[in-house]
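In the numbering used here, the protein residues as written are 2 to 148. A virtual CB, placed ideally from N, CA and C, is assigned to each residue, including glycine. Keep in mind that this is a model prediction, so the values were computed, not measured. Just below is one structure, and these are the notes that go with it.
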């Protein structure tokens with residue numbers, strides 16, 4: 002089972018519990034990574050905009066940012082990295098896309114965890130691989146195809 006540090010900075014209600022995040026992350030982690038540590042920070046738009054601008058040069062809100070951690074070869078670590086999720090963007094997207102809010106939270110958490118594991122969606126082939134894995138994992142959790 003992974004170790005999760007959860008910081009809920011957002012004042013919005015109806016946020017997932019630590020237990021829900023635990024389930025979603027553990028679903029995305031391969032057996033060899035099950036003892037990994039991940040920090041999750043639930044933030045407001047002001048913070049996500051600042052981070053998106055600083056690290057992606059985009060001056061707008063986004064739903065999730067993933068910050069993988071690369072340990073030094075001299076100091077092996079089981080910390081995978083940080084997920085920063087904007088609660089208000091998740092809520093708005095779920096409503097606009099007519100998705101159940103917890104299904105969208107689960108999808109974004111799995112999506113971000115896969116980024117921490119090295120998955121990406123810049124190239125079409127990689128995007129298809131990542132999306133298919135997300136669909137498979139969400140189906141196991143009882144959630145519909147998010148695409």
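Smallest Cα separation from residue 111: which of 14, 39, 8, 13? For residue 111, the nearest C-alpha among the options comes from 39.
Mind pulling the beta strand (DSSP E) runs of 3 or more residues that sit fully within the region 27-114? Complete beta strand (DSSP E) runs here, min 3: 38-44, 65-69, 80-87.
State the start and end residues of the unbroken alpha helix (DSSP H) segment that holds residue 139. 125-141 is the extent of the alpha helix (DSSP H) around residue 139.
Distance CB(residue 129)-CB(residue 85) smaller than 8 angstroms: Contact: no.
With a cut-off of 8 angstroms on the beta carbons, I'd call residue 109 and residue 91 a contact; round off their distance for me. The pair is a contact, with the Cβ atoms about 6 angstroms apart (cut-off 8 angstroms).
Taking just the CA atoms, how far does residue 51 sit from residue 32? So the alpha carbons of these two residues sit roughly 35 angstroms apart.
So, at 7 angstroms on beta carbons, what are the nonlocal neighbours of residue 9 in its own chain, with the 5 sequence-adjacent residues on each side left out? Counting only residues of its own chain and dropping the five nearest sequence neighbours on each side, residue 9 has a CB closer than 7 angstroms to the CB of 16, 43.
Please classify residue 75: is it buried, with 16 or more other beta-carbons within 10 angstroms of its beta-carbon, or exposed? Classification for residue 75: exposed.
Tell me where the beta strand (DSSP E) around residue 7 begins and ends. 4-9 is the span of the beta strand (DSSP E), which, as asked, contains residue 7.
State buried or exposed for residue 1, treating a residue as buried only when at least 16 other CB atoms are found within 10 Å of its CB. Residue 1 lies beyond the residue range present for the chain, which begins at 2 and ends at 148; the question has no answer from this structure.
Residue closest to residue 2, alpha-carbon to alpha-carbon, out of 65, 147, 37, 73: Considering only alpha carbons, the answer is 37.
C-alpha distance - residue 30 paired with residue 114, whole-angstrom precision: Rounded to whole angstroms, residue 30 to residue 114 spans 8 angstroms at the Cα level.
Cβ-Cβ distance between residue 148 and residue 107 below 8 angstroms: The criterion of a C-beta distance shorter than 8 angstroms is not satisfied by residue 148 and residue 107.
Would you tell me roughly how many angstroms separate the C-alpha atoms of residue 119 and residue 69, rounded to the nearest one? Distance between the alpha carbons of residue 119 and residue 69: 8 angstroms.
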